[in-house]
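Residue numbers (the working numbering), protein chains in the order written: chain A, 1 to 224; chain B, 1 to 456. Reviewing the structure listed below.
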């Protein structure tokens, strides 16, 4: 998978590069619009991660031009402006997703996976963890032939943990994934713990859940 | 008297109405004065005329007498003479006089009741003494005044009609003129003093007028709005800049921590500290987002494109907060009495507002308490009341709950003190009024009054 990171803040693009390389993506970086246009024209990327606030070009213009030239790449807009209009305009121009800064890299990765699934059907739609299998397409969980009934949030949580299996996800990362869009005055809530507690209760009724580990003081991890 | 003026000042009237009132009252007064004086005036004028005529006639009669042509008549008729016309409206009479002093008094003109053939009629009479043939006579020439009363009435009627029409016409002309005069002012009020969503949508085109004061007023309002608009634009720019300049570095650190955590080659202790730092950073980012949200709403950067069923929205919020309620074993009581669609609005903002209020009701509740959500129609609008059985507040605390970064003195609840300011800003943006009632130990109630959909 080839990814072009278009971001003028070098430390940010660097961190993204480290993370994505670790996830077996081939990363390329452009620090301004001009270089980005050239690279998009010369190469074939699966993903273009596009910052809207570039020093020389408006990211949206770049997106428009790329789409016009018939590039197949999936575009994800990254912006700190947080303008609703930008989001709408970006998605209208053919961007595949939109993430507001600051975002979690785990979140970025899960959005990229979702796009891959949607666009190419590359990934299998079922993720198996021990006795449990998660059907991402139909949003169902099965254990030894039995359906495990979960709420929307519980499913999202399990799916997110499974997607990043063998890695600790912090409470903050999980909170941002579940309530990222809700802005309310409760940043240090332990509601994630409550959700995980409920999830555990429901899953353990069907099979062993030793694989869902609590990492003390940090968060949770799915070991598979 | 001061009380009187205070009371009067409570009834605001438009300039035009005030002018009309003033006009009507002043003209009515003039009319009244004129109408009471009119009979006296008419009488004066008429008498003056009659008197002149009587004097002239007496002159002519005397001339005739002196020529001797009347002497025979006088003598024949007992030294006196009386002659009157058929209608007894005019008469001439000559009587002999004995009192010589009357001669010095000269002619007298007065009103008298004169009996002519048994009929007593009011006359204006000139009495003029004269000497003829060494004999003192008095010439009486009378003119009936019955016609004067008629004349008076006629003139009065005529004047009444005339005056009324003049007053009406002048009233209309005055009103028309005032209207014309105040037209620029009304234009200023209509175009410049109506509430606008933002200074950018203000109409800066000048209201041209031939009145200096209105031109000045218009100019100053425009200048003020120009300044406001500039500040507004600057704030908008500032919001965008702050957003970018602060969120980008947070992003960098956020991602760096994430990478270190993923690499996993750090001790457990460092992991915990890093995850704590991540939370701190997230808190900072959320505070910035909350502040930006408030500023952006105040800066009118949100559209209101949605029409929302408030009960469905409430149900969504209730569902969203289910886990929180379960965790603290808080009972939810729903009393939905009416169904209401609200527009125009911003759905995401309304959701945030209700979410914050319901969350607040959970956070500041007692374990195993309750939350009661009541909705009903009220007048033309709609009311949502969210009541909790929580710790409550004393009146002093209520006053400050909508201030930014103000947190209640409680160790159980967490937050950064921007939840209620967000609620207030979103409410104001949608013209929703909020009433807060609270009693320490008993709980708090937030009442949201939604305006009727067509009013908003």
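Cβ coordinates follow ideal geometry from the N, Cα and C atoms, glycine included. The structure presented is a predicted model; accordingly, all values stated were derived computationally and were not measured.
Would you mind sorting residue i into buried or exposed? The rule is 16 or more other CB atoms within 10 Å of its CB.
i: residue 184/B; result: buried
i: residue 351/B; result: buried
i: residue 154/B; result: exposed
i: residue 19/A; result: buried
i: residue 100/A; result: buried
i: residue 81/B; result: buried
i: residue 234/B; result: exposed
i: residue 12/B; result: exposed
i: residue 282/B; result: buried
i: residue 224/B; result: exposed
i: residue 396/B; result: exposed
i: residue 224/A; result: exposed
i: residue 92/A; result: exposed
i: residue 96/B; result: exposed
Which value, in whole angstroms, describes the spacing of the CA atoms of residue i and residue j?
i: residue 365/B; j: residue 152/A; result: 26 Å
i: residue 379/B; j: residue 449/B; result: 10 Å
i: residue 329/B; j: residue 367/B; result: 6 Å
i: residue 310/B; j: residue 355/B; result: 13 Å
i: residue 168/A; j: residue 317/B; result: 30 Å
i: residue 232/B; j: residue 245/B; result: 20 Å
i: residue 126/B; j: residue 47/B; result: 12 Å
i: residue 242/B; j: residue 343/B; result: 31 Å
i: residue 306/B; j: residue 346/B; result: 6 Å
i: residue 177/A; j: residue 219/A; result: 13 Å
i: residue 158/B; j: residue 55/B; result: 30 Å
i: residue 111/B; j: residue 26/B; result: 38 Å
i: residue 162/A; j: residue 222/A; result: 6 Å
i: residue 146/B; j: residue 37/B; result: 20 Å
i: residue 80/A; j: residue 251/B; result: 9 Å
i: residue 173/B; j: residue 29/B; result: 18 Å
i: residue 411/B; j: residue 324/B; result: No answer about residue 411/B holds up, because its pLDDT of 46 lies below 50 and its placement is not dependable.
i: residue 203/A; j: residue 215/A; result: 19 Å
Would residue i count as contacting chain B if we go by Cβ distances under 8 Å?
i: residue 18/A; result: yes
i: residue 11/A; result: yes
i: residue 98/A; result: no
i: residue 198/A; result: yes
i: residue 29/A; result: no
i: residue 220/A; result: no
i: residue 101/A; result: yes
i: residue 195/A; result: yes
i: residue 170/A; result: yes
i: residue 22/A; result: yes
i: residue 15/A; result: yes
i: residue 191/A; result: yes
Once the 5 residues before and after residue i are set aside, which same chain residues still bring their CB inside 7 Å of it?
i: residue 115/A; result: 74, 96 and 97
i: residue 257/B; result: 274, 277 and 278
i: residue 402/B; result: 420, 421 and 424
i: residue 139/B; result: 58, 61, 62, 94, 128 and 130
i: residue 284/B; result: 250
i: residue 51/A; result: 6, 7, 8, 59, 78 and 79
Is residue i close to chain A, meaning its C-beta is less than 8 Å from at least one C-beta of that chain?
i: residue 271/B; result: yes
i: residue 323/B; result: yes
i: residue 347/B; result: no
i: residue 298/B; result: no
i: residue 278/B; result: yes
i: residue 512/B; result: What the structure shows of chain B is the stretch from 1 to 456, and residue 512/B is not part of that stretch, so it cannot be assessed.
i: residue 327/B; result: yes
i: residue 275/B; result: yes
i: residue 365/B; result: no
i: residue 186/B; result: no
i: residue 295/B; result: no
i: residue 285/B; result: yes
Does residue i come within less than 8 Å of chain D when only Cβ atoms are used?
i: residue 341/B; result: Looking for chain D here will not work: the only protein chains present are A and B.
Might you give, ordered along the chain, the residues of its own chain that have their beta carbon closer than 8 Å to the beta carbon of residue i, omitting 5 neighbours on each side?
i: residue 15/A; result: 105
i: residue 42/B; result: 151, 152, 155 and 156
i: residue 110/A; result: 160, 163, 164 and 177
i: residue 16/B; result: 175, 178, 179 and 182
Whose C-beta lies closer than 6 Å to the C-beta of residue i among residues of the same chain, with five residues either side of it excluded?
i: residue 288/B; result: 246
i: residue 300/B; result: 197 and 198
With 7 Å as the limit, tell me which residues of the stretch 240–267 of chain B have their beta carbon closer than that to any beta carbon of chain A; keep them in chain order.
240, 243, 244, 247, 248, 250, 251, 252, 254, 255, 256, 258, 259, 261 and 262
Of the residues that make up the stretch 103–115 of chain A, which ones have a beta carbon closer than 8 Å to any beta carbon in chain B?
103, 104, 105 and 106
Using a Cβ-Cβ cut-off of less than 8 Å, give me the residues of the stretch 34–52 of chain A that come near chain B, in sequence order.
none
Can you pull out the residues from the stretch 199–226 of chain B whose beta carbon lies closer than 8 Å to at least one beta carbon of chain A?
none
Which residues, in chain order, does the stretch 202–215 of chain A contribute to contact with chain B at a C-beta distance below 7 Å?
Within the stretch 202–215 of chain A, no residue places its CB atom closer than 7 Å to a CB of chain B.
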